[in-house]
Structure formats: C-alpha cells, structure tokens
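According to our numbering, the sequence shown is numbered sequentially starting from 736. See structure below.
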Amino acid sequence: MSGEFTAFFYGTLMAPEIFYSVCYGESNPPAAIKSLHTLTPAVLHGYCRHRVQFADYPGIIAENGHSVRGIYATGLTEANMHKLDYFEGSEYERKDVKVKLLRKDGDKEVEGEEVGAVAYVFSFPEQLERGEWDFEQFRRDKMRFWARGDWKYEQGARLPDSVMRDDNTDPVPDPKDKAAIN
736 MSGEFTAFFY GTLMAPEIFY SVCYGESNPP AAIKSLHTLT PAVLHGYCRH
786 RVQFADYPGI IAENGHSVRG IYATGLTEAN MHKLDYFEGS EYERKDVKVK
836 LLRKDGDKEV EGEEVGAVAY VFSFPEQLER GEWDFEQFRR DKMRFWARGD
886 WKYEQGARLP DSVMRDDNTD PVPDPKDKAA IN
C-alpha cells in the first residue's frame, strides 16, 4: 500500500537506485514496489545546494535568489520516512517546504503546480563548500558505490565503506559522539 508522505530529494536520493536501496534494501526492487511511488522533477526556490566537505553528497541551506532542482517523491510510508531519517542522520533536519513540479512544454521545462513536501536541510553550513554539487558528476563517478544494495537499516549499524566520507568517517555520525558532529 502506498504511503501518504512526500519528499523533495536534491542529492544522492534523486537516483532511483539509491532511493530504493535505502527504503527497500535493493537498488532494483520488483515493479509492484516501484509502482507505489512517483518520482517527478521539481524545483525548490529559496535554497542553494552545496557539496558537503570531504563527502560525495550535498546539503541545502536557505539562500535567497537561489533554487535547487530535484525530485518530488510520493507514496512514502512511515517506515520509508524512518529509513530516510536514519540515512540522512544528524547532519540534516527534516523541514516542510513547497516545491514546484516541473513539466515539459515542447522543448523546454516549465514550472507547474506547487506542492508540499519535506526536505532534508543541512544543519552545519560551515561544513559546506562554495559552489554547486553536480549530480551528473556524482552519477558518473560515485553512484556505483552508493547503489549496490548493501545499505541496510540497522540500529547502530555502520554504513558500507562505499558510502563513507573521503576521510573514512561515517557520513551519519552517532548523535552521542559530539566530536564527530562538531
């Protein structure tokens, strides 16, 4: 059964393979699972996406005059949201946002309906690099390490080495480890 929650993904979770790996433990689940969700291009205004220092993934922060292109996901269950919260970890805060769905109009993409969603906003702006995070570069150079299907949600589990930061630290620090968060 499809869930009632919606989310806006702007980083690694824009790749369906990673979304399914996080929420279902495999990058290519059966069609019945895929049919529970819609993944639609969307834009979030008033935010900017930056690469997190020493990491493969981005964070967004509020910044006037900027916008972030991403994916609007529907059909999320409470269990999906719990797994997404765990995946995003203490570096991010789940916030309610409004996004504009994107649709094709001839050869160009135009903004359409405005809808509500949650987005994971980065909590430590001082840990962000200046400049935009590049999804296509991530797909080309790093995604194969993130969508292998070996990401498992287990309380207290360490993420696979393929998703560790460049400095070999866990991108989801233990909230009890203040040194890892600060």
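Here a beta-carbon is modelled for each residue, glycine too, at the ideal position from N, C-alpha and C.
Three or more C-beta pairs below 8 Å linking the region 762-776 and the region 816-823: no
Using DSSP bridges, identify the partner residues of Lys839. Taking the first residue of the sequence shown as 1, we reach residue 839 at position 104. DSSP lists Glu844 as partners of Lys839.
Residue environment, Lys843, which counts as buried when at least 16 other CB atoms sit within 10 Å: For the purposes of this step, residue 843 is taken as the residue at position 108 of the sequence shown. Exposed is the call here.
Taking 8 Å as the threshold (C-beta atoms), are Tyr782 and Ala797 in contact? Position 62 of the sequence shown, counting from 1, holds the residue named residue 797. Position 47 of the sequence shown, counting from 1, holds the residue named residue 782. Yes, the pair counts as a contact, with Cβ atoms nearer than the cut-off.
DSSP on Ala892, reduced to helix/strand/coil? The residue you call residue 892 lines up with position 157 of the sequence shown. Confidence at Ala892 is low in this model, with a pLDDT of 43, below 50, so the placement of that residue should be treated as unreliable; the coordinate-derived value is given next. Here Ala892 sits in coil by DSSP.
Inter-residue spacing [alpha-carbon to alpha-carbon] between Glu828 and Val856: Counted from its first residue, the sequence shown places residue 828 at position 93. Counted from its first residue, the sequence shown places residue 856 at position 121. Taking the straight line joining both Cα atoms gives about 5 Å.
Based on the DSSP secondary-structure assignment, which residues constitute the bridge partners of Thr775? Within the sequence shown, numbered from 1, the residue matching residue 775 stands at position 40. Thr775 pairs with Tyr807.
Three-state secondary structure assigned by DSSP to Thr741: Taking the first residue of the sequence shown as position 1, residue 741 is located at position 6. It is a strand residue.
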